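Enquirer: Could you have a look at this structure, given as C-alpha cells, before my questions?
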Amino acid sequence: MNNPPDVSPDPAEHEEYAHNVAKHVKGYLIVGAILLAGTALTVALSYVDFGNSKTNIAVAMLVAAIKVSFVGAIFMHLAAEKRLIYRVLIFTGVFVCALFWLTYLAWYNPIVRH
Amino acid sequence: MEIPYTVNTRPDTGLWNAKVGIWLFLASEVMLFGGLFSAYIFLRLDAEPGMWPHGLLNVPVGTMNTAILIASSVTVVLAWASLKMRRFWAYWWYMLITILCGITFLTVKLVYEWPQKFDHFGAFIKQEALEKYEPYLGNHHLEEKGLAPRREITGHLHNKAALSDPNIKEYDIALDPVNADPTNPANDRPHFLYQPSTDKIAKIEKEDVEYASMFEPRHSAYFASYFTITGLHGLHVLGGVIVFTYFWLPIGSKLYKRNPEHLANRVEVVGLFWHFVDLVWIFVFPLFYLL
Numbered sequence: 001m002n003n004p005p006d007v008s009p010d011p012a013e014h015e016e017y018a019h020n021v022a023k024h025v026k027g028y029l030i031v032g033a034i035l036l037a038g039t040a041l042t043v044a045l046s047y048v049d050f051g052n053s054k055t056n057i058a059v060a061m062l063v064a065a066i067k068v069s070f071v072g073a074i075f076m077h078l079a080a081e082k083r084l085i086y087r088v089l090i091f092t093g094v095f096v097c098a099l100f101w102l103t104y105l106a107w108y109n110p111i112v113r114h
Numbered sequence: 115m116e117i118p119y120t121v122n123t124r125p126d127t128g129l130w131n132a133k134v135g136i137w138l139f140l141a142s143e144v145m146l147f148g149g150l151f152s153a154y155i156f157l158r159l160d161a162e163p164g165m166w167p168h169g170l171l172n173v174p175v176g177t178m179n180t181a182i183l184i185a186s187s188v189t190v191v192l193a194w195a196s197l198k199m200r201r202f203w204a205y206w207w208y209m210l211i212t213i214l215c216g217i218t219f220l221t222v223k224l225v226y227e228w229p230q231k232f233d234h235f236g237a238f239i240k241q242e243a244l245e246k247y248e249p250y251l252g253n254h255h256l257e258e259k260g261l262a263p264r265r266e267i268t269g270h271l272h273n274k275a276a277l278s279d280p281n282i283k284e285y286d287i288a289l290d291p292v293n294a295d296p297t298n299p300a301n302d303r304p305h306f307l308y309q310p311s312t313d314k315i316a317k318i319e320k321e322d323v324e325y326a327s328m329f330e331p332r333h334s335a336y337f338a339s340y341f342t343i344t345g346l347h348g349l350h351v352l353g354g355v356i357v358f359t360y361f362w363l364p365i366g367s368k369l370y371k372r373n374p375e376h377l378a379n380r381v382e383v384v385g386l387f388w389h390f391v392d393l394v395w396i397f398v399f400p401l402f403y404l405l
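As given, the protein sequences belong to chains A and B, one line each in that order. One point on numbering: in my numbering, the residue at position 2 of the first sequence is 2, and numbering is uninterrupted. Here my numbering = 1-based position in the second sequence + 114.
What follows is the structure, given as C-alpha cells:
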C-alpha cells in the first residue's frame with residue numbers, strides 16, 4: 001500500500017492555519033462563558049414554579065439542548081466538519097431515536113401479568 | 115510499520131483516520147448512554163406519585179462540578195489550539211489545568227458526594243401506616259396544595275444495626291428538615307442549599323415500613339439510575355484523565371518535537387471524547403440534581 005508520508009503541512013500553509021486558530025480562541029472563551037451562564041440559568045429555572053413538573057423538565061431540557069449545541073458546534077467543530085462525520089451522526093441519531101421510541105412503546109403498552 | 119493517515123487526510127474521506135475512529139466510537143457511546151437515559155425515562159414515567167425523590171442531592175456541589183467540567187472543556191480546546199499555534203508550553207499548562215479539573219471532579223464525587231449518600235437513610239412507609247406518620251410526612255398539607263404526596267421519611271440513622279438485626283424493632287432517625295417540619299411551606303419544594311439532618315429524632319417501627327435502606331443503588335429506581343449513570347460517567351472522566359496525563363508527560367513533548375501536528379491531532383481526538391463526557395453531564399446534572 002503506497003500511502004503519502006505523514007508529515008506536517010507546508011510551513012507557510014501552517015502559519016496561515018495557525019492564524020485562523022488564533023482567531024477562534026476568543027470564540028472558545030465566549031462559548032465557555034455561555035455554558036457557565038447556561039448552567040446558572042438551568043439551576044435558577046429549576047426553582048421557578050411553572051405549574052407542573054413536566055414544564056420544568058421541558059424547560060431544563062431545552063436549556064440543556066442549547067448548551068449541547070454549543071459544545072457540539074464549537075468545541076467539537078461540528079459547525080464545519082467533513083460530510084462523513086455528519087453521515088455517521090445522522091445514523092446515530094436515527095438509531096438513538098429508535099431506542100427511545102422502543103422505550104415509549106414499552107411504557108405505552110406494558111407487559112402485565114393477569 | 116508506519117500507521118497511515120495520522121496527520122495527512124485520506125483522499126476518499128477527507129479526514130485523518132483517528133478522527134473517523136473517534137466519531138465512530140462516540141456514536142457507540144451515544145447508544146450506550148442513550149440506553150441508560152431511556153431506562154431513566156422509563157423508570158421515572160412508571161414511578162408512582164411520591165416515589166421519585168426530589169432534593170436529595172447537593173445542588174451547589176453539583177453546580178460546582180458542572181462548572182469544573184465546562185472549564186475543563188474550554189482548557190482542552192485551548193490546549194489543542196495552542197498546539198496548532200505551536201505554543202507547546204501554553205499547551206502544557208492548559209493540559210495540566212484540564213487534568214486537575216478532571217481529578218477535582220472525580221474527587222468531589224468519590225470522596226464527598228457518594229459517601230454522603232451512603233451515610234443517609236430512607237424508609238418508605240406502608241400505605242396503611244401513612245396516617246400514623248402524618249406528623250413527619252405532612253401529606254394533608256401537600257394534598258391541599260395539590261402537590262405529590264410523601265411516602266418516605268429520611269435522615270441520619272442512629273441505630274444502623276437495625277438494618278440487619280431482626281430483633282431491633284424500630285429505626286431511630288435524626289430527621290431531615292423536610293420530615294422534621296413537613297407542613298412548613300418552605301419545604302414544599304427542594305432547597306438550593308444543602309440542609310443537614312435536624313436534632314429531631316423519630317422512631318419508625320419496622321412493621322410500618324415497606325422498604326428501608328441507606329441511599330445506595332438498591333434504595334430506589336432513582337438511586338439505581340443515579341449511581342449507574344454517574345458511575346459510568348465517572349469512569350469516562352477517569353479514562354479521559356489517564357489519556358490526558360499520557361500526552362502531558364514527556365512522551366507528549368517527544369511526539370511534539372518529532373511531529374507537532376501529530377500530537378495536535380491526538381489531543382483533538384481525546385478532546386472530542388472529553389467534550390462528549392461534558393455533553394453527557396449537561397443532561398445528567400438537571401435530570402438528577404434539579405428535576
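Glycine residues also receive a C-beta, built at the ideal position from the N, C-alpha and C atoms. Quick caveat: nothing in here was measured; it's all calculated off a predicted structure.
Applying a beta-carbon distance threshold of less than 7 Å, which residues of chain B neighbour Phe75 of chain A?
Expert: Taking the first sequence and counting its residues from 1, the one referred to as residue 75 of chain A is at position 75. Per Cβ cutoff of 7 Å: Ser187, Val191 and His389.
Enquirer: With distances taken between CB atoms, is the gap from Lys246 of chain B to Asp322 of chain B smaller than 8 Å?
Expert: Within the second sequence, the letter at position 132 stands for residue 246 of chain B. Within the second sequence, the letter at position 208 stands for residue 322 of chain B. In this structure, Asp322 of chain B lies closer than 8 Å to Lys246 of chain B by Cβ.
Enquirer: Give the residues from the region 194-218 of chain B that approach chain A closer than 7 Å (Cβ to any Cβ), ordered along the chain.
Expert: Answer set for the region 194-218 of chain B: Ala195, Lys198, Met199 and Arg200.
Enquirer: May I ask you to verify whether the region 368-378 of chain B touches the region 193-203 of chain B, counting CB pairs closer than 8 Å and requiring at least 3?
Expert: As far as the Cβ criterion goes, the region 368-378 of chain B touches the region 193-203 of chain B, which means the pair count is three or higher.
Enquirer: With 16 other CB atoms within 10 Å as the buried threshold, where does Arg87 of chain A fall?
Expert: On the first sequence, position 87 is the one that residue 87 of chain A refers to. Arg87 of chain A comes out exposed.
Enquirer: Shorter than 8 Å from the beta carbon of Lys82 of chain A to some beta carbon of chain B?
Expert: Reading the first sequence from its first residue, position 82 is the one you call residue 82 of chain A. With 8 Å as the cut-off, Lys82 of chain A counts as an interface residue toward chain B.
Enquirer: Measure the Cβ-Cβ separation of Leu84 of chain A and Leu129 of chain B and say whether it is below 8 Å.
Expert: Your numbering for residue 84 of chain A matches position 84 in the first sequence. Your numbering for residue 129 of chain B matches position 15 in the second sequence. Cβ atoms of Leu84 of chain A and Leu129 of chain B: closer than 8 Å.
Enquirer: Check each candidate in B:Gly345, B:Ala326, B:Tyr308 and B:Val144 and name the one with the smallest Cα separation from Val175 of chain B.
Expert: For the purposes of this step, residue 175 of chain B is taken as the residue at position 61 of the second sequence. The shortest Cα separation from Val175 of chain B among B:Gly345, B:Ala326, B:Tyr308 and B:Val144 belongs to B:Tyr308.
Enquirer: Give the residues from the region 48-59 of chain A that approach chain B closer than 9 Å (Cβ to any Cβ), ordered along the chain.
Expert: Hits within the stretch, in order: Asp49, Ser53, Asn56 and Ile57.
Enquirer: Would you list the one or two residues that DSSP bridges to Val191 of chain B?
Expert: Taking the first residue of the second sequence as 1, we reach residue 191 of chain B at position 77. Paired residues: none, contrary to the question.
Enquirer: Any C-beta of chain D sitting closer than 8 Å to the C-beta of Val112 of chain A?
Expert: Annotation note: the requested chain D is absent from the structure, which comprises protein chains A and B.
Enquirer: Between the Cα of Gly148 of chain B and those of A:Thr92, A:Ala33 and A:Val112, spot the shortest distance and give me the residue it belongs to.
Expert: One-based indexing of the second sequence puts residue 148 of chain B at position 34. Comparing Cα positions, the closest option is A:Thr92.
Enquirer: Name the residue from A:Met61, A:Phe75, A:Ala40 and A:Val96 whose alpha carbon lies nearest to the alpha carbon of His24 of chain A.
Expert: Looking up residue 24 of chain A in the first sequence gives position 24. Taking only the C-alpha atoms, the option nearest His24 of chain A is A:Phe75.
Enquirer: For Asn3 of chain A, which three-state DSSP category applies?
Expert: Along the first sequence, read from residue 1 onward, the residue named residue 3 of chain A stands at position 3. The pLDDT assigned to Asn3 of chain A is 48, lower than 50, so where the model puts this residue is not dependable; a value taken from the coordinates is nonetheless given after this. Coil, per DSSP.
Enquirer: Do you know offhand how far Tyr370 of chain B's Cα is from Thr120 of chain B's?
Expert: Position 256 of the second sequence, counted from the first residue, corresponds to residue 370 of chain B. Position 6 of the second sequence, counted from the first residue, corresponds to residue 120 of chain B. Near 14 Å, if we compare the C-alpha coordinates of Thr120 of chain B and Tyr370 of chain B.
Enquirer: From Leu102 of chain A to Phe95 of chain A, what distance separates their C-alpha atoms?
Expert: Working through the first sequence from its first residue, we reach residue 102 of chain A at position 102. Working through the first sequence from its first residue, we reach residue 95 of chain A at position 95. Taking the straight line joining both Cα atoms gives about 11 Å.
Enquirer: Using a Cβ-Cβ cut-off of 8 Å, state whether Leu170 of chain B counts as contacting chain A.
Expert: On the second sequence, residue 170 of chain B is found 56 positions in, with the first residue counted as 1. Not an interface residue.
Enquirer: Between which two residues does the beta strand (DSSP E) holding Lys54 of chain A run?
Expert: Looking up residue 54 of chain A in the first sequence gives position 54. Taken as a continuous stretch (DSSP letters only), Lys54 of chain A belongs to no beta strand (DSSP E), being part of the alpha helix (DSSP H) at Ser53 to Phe70.
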